[in-house]
Structures are given as C-alpha cells and as structure tokens.
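Structure first, commentary second.
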Amino acid sequence: LDELHTAWAISGGLGELPSRCAMGNQSPLWFLLPWLSTKVFGFHEVALRLPSLVAGVAIVPAIYLLVRWWTASLTASVVAAALGTFDQDFLTFATEARPYAWVQLTAVVQVATLWWRWRCPSWKSRTAWIGSSALLFYLHYTAVLVVVAECVFLLVMRLFRREPHPIKWRDVAVDVLAIGLLLIPAAGNLLAIADRRDNERQFVSAPQE
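This is the structure in structure tokens:
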C-alpha cells in the first residue's frame with residue numbers, strides 16, 4: 010500500500026506532488042527521485058524502486074568508509090559493511106519504493122558530518138552538519154530524532170570530557186538554531202499530519218496488550 014502511495018504521489022506530476030505526499034504524511038523531497046527515475050526509464054516497478062536500490066548499494070561503502078575513519082581498523086570496517094550488506098531491513102529498504110534507504114544513507118553521511126564537526130570545529134564542518142541535518146529531516150520527518158540524539162551526544166561529551174576541547178557552547182547553540190530555522194517551512198505540513206492523527210484516533214482503536 011505504501012508503494013502504491015509512492016506511485017500515486019508522483020503520477021500527478023510535480024504540481025500535485027507536495028499535496029499528495031502530505032496526504033501520506035510524507036515530505037515531498039525524496040519523491041523527486043522516483044519521479045525523475047520514471048521520467049527517464051518509464052513508469053514501471055523497476056523505475057520506481059531504482060532510487061532505493063542505488064542508495065541500498067551505496068550505503069555499504071559509506072558504512073565502510075565511516076567506520077574506517079572512526080577506528081582506522083580494516084576488520085571493524087569490513088564487519089560493519091558486511092552487517093549492512095546482509096541486514097534484512099537494509100535489504101528490504103533497498104528494494105522498495107519508499108524513502109527509507111535514502112534516509113539510511115543520508116544518516117550515515119550526516120553522522121560523519123557530526124564527527125567532523127566534533128573533531129575539527131570550523132565553518133565548513135558546521136555548515137556540513139547543519140545542511141545534512143536539514144536534508145535528513147526533509148527526507149523523512151521522524152529522522153529529526155537522529156539530530157536530537159546527536160545534540161545529547163555533544164552535550165554529554167562536552168560535560169564529561171576531561172581534556173579541553175575547542176568546541177564552544179555558543180557555536181553549538183547557533184548550529185542548532187540554524188537547523189531549527191531550516192525546518193520551519195515544514196511546520197504547516199507537520200501540523201496537518203498531527204491533525205490527521207487526532208482524527209484517526211476517533212475511529213481507529215489502539216492495540217490492546
């Protein structure tokens with residue numbers, strides 16, 4: 010059903026794309042990829058799923074490079090990449106016409122920018138973290154939880170790290186504020202999603218344990 014929503018959302022063209030995505034509680038950003046893919050290769054199942062397949066393949070070397078950067082260990086990098094290669098959720102997301110493979114891939118890149126931001130504070134690393142955080146959010150709204158977790162990480166590391174670190178509280182606050190400002194355009198869509206969830210509760214019963 011979710012994949013049918015993807016097909017329906019892009020079938021109306023770019024003009025109807027935002028409203029159709031909103032009906033499915035989704036951000037329209039990722040849907041531009043299958044829209045472009047179907048324009049190039051035709052409107053069929055393979056073209057709809059092709060963007061996810063590209064991300065699902067790309068995430069394996071991305072994981073390898075990230076872990077190699079973190080640990081400098083060839084073994085750890087290969088093991089991490091292998092886990093991503095054979096993980097059932099990774100395989101599922103890489104073969105379905107939904108945004109989750111791209112969310113995963115972007116999350117790997119975004120975590121890398123956080124590490125860069127932490128290790129080498131500069132306007133370049135800060136801009137990369139801010140931009141990748143906003144991109145991750147607009148691929149799927151719930152991915153903002155990754156950014157929240159990272160803010161907790163920065164807080165904990167700054168408070169409990171024994172040796173001095175060049176990262177500054179003021180800069181972190183400015184970065185978080187910049188991310189927040191970039192998320193404001195989605196406020197209307199998020200409020201509409203919240204309203205629909207309230208309506209759904211009136212006729213959909215929550216599962217009882």
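In terms of this note's numbering, the sequence shown opens at residue 10 and continues consecutively. We put the CB at the ideal spot given by N, CA and C, even for glycine. Owing to the predicted nature of the structure, the values given are computational and were not obtained by experimental measurement.
Whole-angstrom C-beta distance between S61 and L148, which should lie under 8 Å: Counted from its first residue, the sequence shown places residue 148 at position 139. Counted from its first residue, the sequence shown places residue 61 at position 52. With 8 Å as the limit, L148 and S61 do not qualify as a contact, their Cβ atoms being about 12 Å apart.
Meets three-Cβ-pair contact criterion under 8 Å: the stretch 48–62 and the stretch 73–92: no
First through last residue of the alpha helix (DSSP H) which encompasses I188: Locating residue 188 in the sequence shown gives position 179, where the first residue counts as 1. W178 to L192 is the extent of the alpha helix (DSSP H) around I188.
When G189, L163, L186 and A187 are compared against K264, the one with the closest alpha-carbon: For the chain, the structure presents residues 10 to 218; residue 264 sits outside this window and is missing.
Unbroken alpha helix (DSSP H) run spanning H14, endpoints: Within the sequence shown, the letter at position 5 stands for residue 14. Residues D11 to S20.
Close beta carbons around L10, own chain, < 8 Å, minus the five adjacent residues each side: As a working note, residue 10 is residue 1 in the sequence shown. Taken in chain order, the list of residues that qualify is empty.
Cβ contact (3+ pairs, closer than 8 Å) linking the stretch 27–42 and the stretch 91–105: no
Distance CB(W138)-CB(L123) smaller than 8 Å: One-based indexing of the sequence shown puts residue 138 at position 129. One-based indexing of the sequence shown puts residue 123 at position 114. Yes. Within cutoff.
Residue burial classification, E54 (beta-carbon count within 10 angstroms, cutoff 16): As a position in the sequence shown, residue 54 is number 45, starting the count at 1. By the neighbour-count rule (16 or more Cβ atoms within 10 Å), E54 is not buried but exposed.
Buried versus exposed, by CB contacts within 10 Å (16 or more), W44: In the sequence shown, the residue the question calls residue 44 occupies position 35. Looking at its Cβ environment, which holds 16 or more other Cβ atoms inside 10 Å, W44 is buried.
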